[in-house]
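Participant: Protein chains in written order, with the working numbering: chain V, 2 to 512; chain H, 194 to 554.
Quick one: this structure, given as structure tokens, is what I'll be asking you about.
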Amino acid sequence: MAFPSLAALLRPSQIFAVRGGVHPEPGKHLTAEAEVLDMPVPPLVRVPLQQHSGAMAEPLVRRDDIVLKGQLIGQARGAMSANIHAPTSGRVIAVGHFTAPHPSNLPIPTITIRSDGEDRWGPRLPRLRPEDANPDEIAAQIERAGIVGLGGAAFPAAVKLNQRRKYALDLLLLNGAECEPYLTCDDRLMREHAEGLVDGAGIMARALGVSRIVIAVEANKPEAIAALRRYKHALGIALSVAVVPTQYPMGSAKHLVLAVTGKETPARARTAELGVLVYNVGTAHAVHLAVRYGEPLISRILTVSGRAIARPANVRVLIGTPVADVIAFCGGLTAEPDRVLLGGPMMGLPIQNLRVPVVKGTCGILALSAAETRASAQMPCIRCGSCVQACPCGLTPFEMNARIHAGDLDGAVKVGLMDCIACGACAYACPSSIPLVQAFDHAKGKLAETQSRKHQQEETRRLAIARQAREAAMAEAKRQAMARRKAEMAARKATEPGAAVAELPPAQAAP
Amino acid sequence: MTLHITGAGPHTHTLFTVSRTMQAVIAALTPATGFALYQFGWPAIFLFLVTLLSAWLFEVASLWVARRPIAPFARDGSALLTGWLVAMTLPPYAPWWVGVLGSGIAIVIGKHLFGGLGQNLFNPAMVARAMLVIALPVQMTTWVVPPGLLNGPDLWQGLAITFAGAQEYDAISSASTLSQIQSQLGAGASMAEIAPTLPDLRARLIGLMPGSLGETSTLLILLGGLGLMAMRIISPVIPLSVLGALAVLSGISAALAPGRFAPPMLHLTSGSVMLCAFFIATDYVTSPVTAAGKMVYGIGIGALIFVIRSFGAFPEGVAFAVLLMNACTPLIETYVRPRIFGRTRSGKPLPAPGSPPRGKP
Chain V
2 MAFPSLAALL RPSQIFAVRG GVHPEPGKHL TAEAEVLDMP VPPLVRVPLQ QHSGAMAEPL
62 VRRDDIVLKG QLIGQARGAM SANIHAPTSG RVIAVGHFTA PHPSNLPIPT ITIRSDGEDR
122 WGPRLPRLRP EDANPDEIAA QIERAGIVGL GGAAFPAAVK LNQRRKYALD LLLLNGAECE
182 PYLTCDDRLM REHAEGLVDG AGIMARALGV SRIVIAVEAN KPEAIAALRR YKHALGIALS
242 VAVVPTQYPM GSAKHLVLAV TGKETPARAR TAELGVLVYN VGTAHAVHLA VRYGEPLISR
302 ILTVSGRAIA RPANVRVLIG TPVADVIAFC GGLTAEPDRV LLGGPMMGLP IQNLRVPVVK
362 GTCGILALSA AETRASAQMP CIRCGSCVQA CPCGLTPFEM NARIHAGDLD GAVKVGLMDC
422 IACGACAYAC PSSIPLVQAF DHAKGKLAET QSRKHQQEET RRLAIARQAR EAAMAEAKRQ
482 AMARRKAEMA ARKATEPGAA VAELPPAQAA P
Chain H
194 MTLHITGAGP HTHTLFTVSR TMQAVIAALT PATGFALYQF GWPAIFLFLV TLLSAWLFEV
254 ASLWVARRPI APFARDGSAL LTGWLVAMTL PPYAPWWVGV LGSGIAIVIG KHLFGGLGQN
314 LFNPAMVARA MLVIALPVQM TTWVVPPGLL NGPDLWQGLA ITFAGAQEYD AISSASTLSQ
374 IQSQLGAGAS MAEIAPTLPD LRARLIGLMP GSLGETSTLL ILLGGLGLMA MRIISPVIPL
434 SVLGALAVLS GISAALAPGR FAPPMLHLTS GSVMLCAFFI ATDYVTSPVT AAGKMVYGIG
494 IGALIFVIRS FGAFPEGVAF AVLLMNACTP LIETYVRPRI FGRTRSGKPL PAPGSPPRGK
554 P
């Protein structure tokens, strides 16, 4: 156990930044000093049509089509979706299903392209001079380029930009915290492409109409901070680099906003309500490429690391490159890894099939040895409170876990289950190795299911009631019509004989 | 290649595990225990070993009866630690069966009847201590002045004292500091008259006075406790609030009625207050988990120790104070909760910055 130095402990920013959090072994030294390598075009790329949160893209190509690099092959569908482009030139050999880069191993619609090795660009997107463009044009370009959040959640960037219409924004916060251990791809990007990144930030700020940009970087990346500070005055608007303490999960958007602005986002609200929009630094760079050069999002930088990787590195790979190819490019595996992950060790997803592709949200490929995962047998909870201390959200994970295991999901919600951000700090700190995040995910899934079933039932009942009411109304209308007709008939009958009576006497009298 | 099927993260883990925590606590107890064993000599060593061994055997037996996996729990060190703490509360020359009975109560009644590791409401060692004090008033209050390993009973005499109930060794039996204070105050003496007859501060700090194994070296216990804090195994909140509450209350009452109440320094350095503050009240399982809850709990223990010592029937109140506050832990946890991110203390979302502050017009 490495103890932090006394000086580090006493720095005010360390003590008062964000409640809770943990300090896992960083593991960043493996790749932090390695320049980003360009991986050659792989023989085969598999491009899933669902790489973002939201609706799946619609395929635009068919088997045996020839595609060029940058060609649109998947069209965004609906309000929340993202375009997909061909990462390289070649022939489409399949438009079908392939295993998703996800622990579920479920097949998802995927376009497989056999590259022709020439990497020939098709026509690029029309370039835009952001200085002359209006916010809508910039947003449209970002949407065309299929840019999603590159921090991991892959939220369509253009959809997020739309929040400018709903909220009064004043700050664009770029997330360069990179609090996940091992990952250094954002660090390298900030060091090597600070100028483009800052330009992208300026473009986004213009689209959002904000007056300030802050780039937040954890204190463990001094080179990146220095590199970014060189471009402090490159834009017409105020840009600053905020150094935040090295603490997991500093990169959680709401916690980062708290650390940088001192403002706490209310529960169930968005940071936009505080006037702040948070993007990953990689997203800003992708915006720069899309707007200035018309390049859609077809590649990304990712960290390949872990002690089971022969040559840990940061690599720029094409979207769709099989994980196995990337690992082979880094010298392959030196030992049987305990786990292969997409993403960081705290929130990354374990995969079993190494042929799954890299997608837009993949920020790392980690092959961790058993010494790094430190998996140990689960023991009972001893109520040590480590999880409570570690939770950045002020929750009591051991209590939530106990209630979930007792089947009391409502009780778990009552003590804050829905405020959990699934960062895993609690499970990291747990001395009994209790899989807390798994329990919370399970409970959240279960609740979502009950909710949707309840919603469905309510909807059914509502429709049934509406139908009953409609039928009753129809019946009533019919009854009333009948009654009216009856009344009319009766009235006519009454008047007719009446008339007859009235007429009769004179008639009788007449003759 | 084959990979484990694992779900959600995290995929790395802290080095702290249950057994490492137990090992650290045992390591922190070692200096004080070693010194006490040296002070009291062979009978204490035998009693200590018997208590530890029987605690472990009771643990294994309980696991076997409950049909739970034996290996992981028998190796986690928690039973050993419980036995260790029980031994620390026993008079060093007590016969072997008191140690066995103590571990049996602690492990079987205190721990496994509640469901085993992590499930017990009360601190097992304190359950044992309280039951023994009530059931065996003679054996549990027979103290000796520490003779030192070399000057005390030899190996055979030690065996005879622990296992055969031998009395022939004329140990200078004597009252503990606290019982001395209580009996003399009861007899009408004032603190000023009692004070010169008590062991002096140096003797109390180093441990040159009669008492149980865990009572005799305040300084070494304190050292071990500080070590646990440095290793971040325990938080400083409970020790500080236990000692603070006891010092403040005894300070106030000693200032108001110096003849009737013992001064704070005497309270802090006698009996098992130090052991309680650092090793017993800080037991994870039976104390609240939040810092604020720990403070309430610690202050409660400190205050109860003062009340029992000053007004109760027993000279020492640590065990009862801890047990009473153990019973309050669920209550404390219900009311003292951390504030959830983005919510007020009452659990409502924070007001949005644009909206007017909510409140009564």
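A virtual CB, placed ideally from N, CA and C, is assigned to each residue, including glycine.
Quick caveat: nothing in here was measured; it's all calculated off a predicted structure.
Below 8 Å CB to CB, which residues in the same chain sit around L1(V) once its five sequence neighbours on both sides are set aside?
Facilitator: Outside the displayed span of chain V (2 to 512) sits residue 1(V), for which this structure offers no information.
Participant: Within the chosen definition, does the stretch 343–357 of chain V reach the stretch 136–147 of chain V through at least 3 CB pairs nearer than 8 Å?
Facilitator: No: the two stretches stay apart, fewer than three of their Cβ pairs being nearer than 8 Å.
Participant: How do the stretch 219–227 of chain H and the stretch 356–371 of chain V stand: do at least 3 beta-carbon pairs fall below 8 Å, yes or no?
Facilitator: The stretch 219–227 of chain H is not in contact with the stretch 356–371 of chain V.
Participant: Can you name the residues of chain H whose CB is closer than 7 Å to the CB of C394(V)?
Facilitator: On the first sequence, residue 394(V) is found 393 positions in, with the first residue counted as 1. Result: I533 and F534.
Participant: Relative to chain V, which residues along the stretch 466–481 of chain H have a C-beta separation below 7 Å, given in chain order?
Facilitator: The stretch 466–481 of chain H vs chain V, Cβ under 7 Å: Y477 and V478.
Participant: Under the DSSP definition of a beta bridge, which residues are partnered with V68(V)?
Facilitator: Position 67 of the first sequence, counted from the start, is the residue given in the question as residue 68(V). According to DSSP, which records beta bridges pairwise, V68(V) is partnered with G91(V).
Participant: Once you ignore the five residues that flank S372(H) on each side, which residues in its own chain have a CB closer than 6 Å to its CB?
Facilitator: Start at 1 with the first residue of the second sequence, and residue 372(H) comes out as number 179. P508.
Participant: Verify the CB distance criterion: does S253(V) have a CB-CB separation below 7 Å to chain H?
Facilitator: On the first sequence, residue 253(V) is found 252 positions in, with the first residue counted as 1. No, its Cβ sits nowhere closer than 7 Å to a Cβ of chain H.
Participant: As a quick exercise: from S410(H), G400(H) and S446(H), pick the residue whose alpha carbon is nearest that of M384(H).
Facilitator: Reading the second sequence from its first residue, position 191 is the one you call residue 384(H). Checking every option, the nearest Cα to that of M384(H) belongs to S446(H).
Participant: How is the alpha helix (DSSP H) around P330(H) delimited, first residue to last?
Facilitator: Along the second sequence, read from residue 1 onward, the residue named residue 330(H) stands at position 137. Neither: P330(H) is in no alpha helix (DSSP H) and is coded neither H nor E.
Participant: T374(V) touches chain B at which residues, Cβ-Cβ below 8 Å?
Facilitator: The displayed structure is made up of protein chains V and H, and chain B is not among them.
Participant: Starting from I214(V), trace the beta strand (DSSP E) both ways and give me its first and last residue.
Facilitator: The sequence position of residue 214(V) within the first sequence is 213, counting from 1. Unbroken beta strand (DSSP E) run through I214(V): R213 to E219.
Participant: Beta-carbon of G75(V) versus every beta-carbon of chain H: anything under 7 Å?
Facilitator: Numbered from its first residue, the first sequence carries residue 75(V) at position 74. Closer than 7 Å: no.
Participant: Take the Cβ of H456(V) as the centre, count every other Cβ of all protein chains shown within 10 Å, and call the residue buried at 16 or more, exposed below.
Facilitator: Sequence index remark: in the first sequence, residue 456(V) carries index 455 (1-based). Classification for H456(V): exposed.
Participant: Would you mind reading off the limits of the alpha helix (DSSP H) that contains I501(H)?
Facilitator: Here residue 501(H) refers to the residue found at position 308 when the second sequence is read from its first residue. Start and end: A484 to F504.
Participant: How would you write the range of the alpha helix (DSSP H) that G292(H) sits in, first residue to last?
Facilitator: For the purposes of this step, residue 292(H) is identified with residue 99 of the second sequence, where counting begins at 1. It spans W289 to G297 - the alpha helix (DSSP H) in which G292(H) sits, taken as one unbroken run.
Participant: Answer yes or no: do H336(V) and A309(V) have a C-beta to C-beta separation smaller than 7 Å?
Facilitator: In the first sequence, residue 336(V) corresponds to position 335, counting from 1. In the first sequence, residue 309(V) corresponds to position 308, counting from 1. For the record, residue 336(V) in the displayed sequence is Ala; it is not His. Cβ atoms of A336(V) and A309(V): closer than 7 Å.
Participant: Look at the alpha carbon of M215(H) and the alpha carbon of L421(H), and state the distance between them as a whole number of angstroms.
Facilitator: As a working note, residue 215(H) is residue 22 in the second sequence. As a working note, residue 421(H) is residue 228 in the second sequence. Approximately 11 Å between the Cα atoms of the pair.
Participant: I445(H) lies in the alpha helix (DSSP H); which residues open and close that run?
Facilitator: As a working note, residue 445(H) is residue 252 in the second sequence. Looking at the DSSP string, the run of the alpha helix (DSSP H) that includes I445(H) is V430 to L449.
Participant: CA-CA distance, I533(H) and K264(V)?
Facilitator: As a position in the second sequence, residue 533(H) is number 340, starting the count at 1. As a position in the first sequence, residue 264(V) is number 263, starting the count at 1. Computed Cα separation, rounded: 15 Å.
Participant: Between Q52(V) and L256(H), what straight-line distance do the alpha-carbon atoms span, to the nearest angstrom?
Facilitator: By one-based count along the first sequence, residue 52(V) stands at place 51. By one-based count along the second sequence, residue 256(H) stands at place 63. Roughly 50 Å separates the two Cα atoms.
Participant: If I follow the unbroken beta strand (DSSP E) through P108(V), where does it start and stop?
Facilitator: Residue numbering aside, residue 108(V) sits at position 107 when the first sequence is read from its first letter. From DSSP, the beta strand (DSSP E) with P108(V) extends over P108 to S116.
Participant: Helix, strand or coil for D409(V), going by three-state DSSP, please let me know.
Facilitator: Working through the first sequence from its first residue, we reach residue 409(V) at position 408. Of the three classes helix, strand and coil, the one that applies to D409(V) here is coil, per DSSP.
Participant: Going by Cα to Cα distance, which pick from E181(V), A449(V) and C394(V) is closest to C427(V)?
Facilitator: Mapped onto the first sequence, residue 427(V) falls at position 426. That would be C394(V), whose Cα lies nearest to the Cα of C427(V).
Participant: Rounded C-beta distance between V292(V) and L129(V)? I'm assuming under 8 Å.
Facilitator: Numbered from 1 along the first sequence, position 291 holds the residue referred to as residue 292(V). Numbered from 1 along the first sequence, position 128 holds the residue referred to as residue 129(V). Rounded, the Cβ-Cβ distance is 5 Å, consistent with contact.
Participant: Please classify T322(V): is it buried, with 16 or more other beta-carbons within 10 angstroms of its beta-carbon, or exposed?
Facilitator: Numbered from 1 along the first sequence, position 321 holds the residue referred to as residue 322(V). Buried: at least 16 other Cβ atoms inside 10 Å.
Participant: Just checking: is the beta-carbon of T527(H) within a distance shorter than 7 Å of some beta-carbon in chain V?
Facilitator: Position 334 of the second sequence, counted from the first residue, corresponds to residue 527(H). Not closer than 7 Å to any Cβ of chain V, the Cβ of T527(H) fails to qualify, so no.
Participant: How many whole angstroms separate the CB atoms of I498(H) and G510(H), which I take to be in contact at a CB cut-off of 8 Å?
Facilitator: Position 305 of the second sequence, counted from the first residue, corresponds to residue 498(H). Position 317 of the second sequence, counted from the first residue, corresponds to residue 510(H). About 5 Å separates the two Cβ atoms, so the contact holds.
Participant: Residues of chain H with CB closer than 8 Å to the CB of R269(V), please, in chain order.
Facilitator: In the first sequence, the residue the question calls residue 269(V) occupies position 268. Neighbours of R269(V) on chain H, chain order: G535 and P542.
Participant: Report the neighbours of D326(V) on chain H: residues whose CB is nearer than 9 Å to its CB, in chain order.
Facilitator: For the purposes of this step, residue 326(V) is taken as the residue at position 325 of the first sequence. Ordered by position in chain H, no residue passes the 9 Å Cβ test against D326(V), which lies about 15 Å from the chain.
Participant: Identify which residue in A134(V), V416(V) and D133(V) has its Cα closest to the Cα of R536(H).
Facilitator: In the second sequence, the residue the question calls residue 536(H) occupies position 343. Measuring from the Cα of R536(H), the nearest candidate turns out to be V416(V).
Participant: To the nearest angstrom, how far is it from the Cα of S405(H) to the Cα of A448(H)?
Facilitator: In the second sequence, residue 405(H) corresponds to position 212, counting from 1. In the second sequence, residue 448(H) corresponds to position 255, counting from 1. Going by the C-alpha atoms only, they are around 29 Å apart.
Participant: Quick one: what's D442(V) bridged to in DSSP?
Facilitator: Sequence index remark: in the first sequence, residue 442(V) carries index 441 (1-based). Answer is none; D442(V) lacks a bridge partner.
Participant: Would you please verify whether the beta carbon of E219(V) is less than 7 Å from any beta carbon of chain H?
Facilitator: For the purposes of this step, residue 219(V) is identified with residue 218 of the first sequence, where counting begins at 1. So, not an interface residue.
Participant: When the Cα of G210(V) is compared with those of I94(V), A195(V), G276(V) and N402(V), which residue comes out closest?
Facilitator: For this step, residue 210(V) is matched to residue 209 along the first sequence. Per the Cα distances, G276(V).
Participant: Select from E400(V), R462(V) and V93(V) the residue whose C-alpha is nearest the C-alpha of V116(V).
Facilitator: Taking the first residue of the first sequence as 1, we reach residue 116(V) at position 115. Checking the displayed sequence, the identity of residue 116(V) turns out to be Ser instead of Val. Of E400(V), R462(V) and V93(V), the residue nearest in Cα terms is V93(V).
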